[in-house]
Amino acid sequence: ADNVLKPGAPLFLWQVCAKGGGFDTEVVSLREFAMPVEDWMSVSIYQPPVMSSQSPPAELLQLNEVADDLRERAKTPGGVSFSEWADFAARMREGLDRAGIRATVDVTGLARQL
């Protein structure tokens, strides 16, 4: 999945990154196309879950609402500035980090592995 840091998909990441949630996931850090801002892409393989996953933390629910709002604003004239995207990406990264979700590989490192 693309754009999971900016504009963000915290509930999706929670589902595919949660222990016992049924997915083996790599989160790749990369630079957003045509913008000097970090973004993430996730790659997941489904594994039958061994236990049910937990509910997402309240902070991720809040970040999800803000991400939805930014997506809507981005569709309008004037939309969202580069600096707003950069600030939000940093806020999203910090919130995901507190929930135990981090980029697991940088895109340049991934390219070397392939």
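Here this note's numbering is used: position 66 in the sequence shown is 227, and no number is missing along the way. The beta carbon of each residue, even a glycine, is placed where N, CA and C say it ideally should be.
Across the structure, Lys236 and Ser244 are spaced so that their CA atoms are roughly 17 Å apart. Secondary structure at Arg263: coil, using DSSP grouped into helix, strand and coil.
With fewer than 16 other beta carbons inside 10 angstroms of its own, Lys180 counts as exposed. Taking 9 Å as the cut-off, the Cβ atoms of Leu257 and Leu166 count as close. A residue is called buried when at least 16 other Cβ atoms come within 10 angstroms of its Cβ; Phe194 does not meet this threshold and is exposed.
In the structure shown, Met253 falls within a helical segment according to DSSP collapsed to helix, strand and coil.
Counting other Cβ atoms within 10 Å of its Cβ, Ala170 reaches 16 or more and is therefore classed as buried. The C-beta distance from Pro168 to Leu222 rounds to 16 Å, too long to meet the 8 Å contact threshold. Exclusion of the five residues before and after Gly183 leaves Tyr207, Gln208, Pro209 and Pro210 as the residues of its chain whose Cβ lies within less than 7 Å of its Cβ. The C-alpha of Met196 is placed about 20 Å away from the C-alpha of Val266.
Under DSSP, Phe184 takes part in a beta bridge, and its partners are Tyr207.
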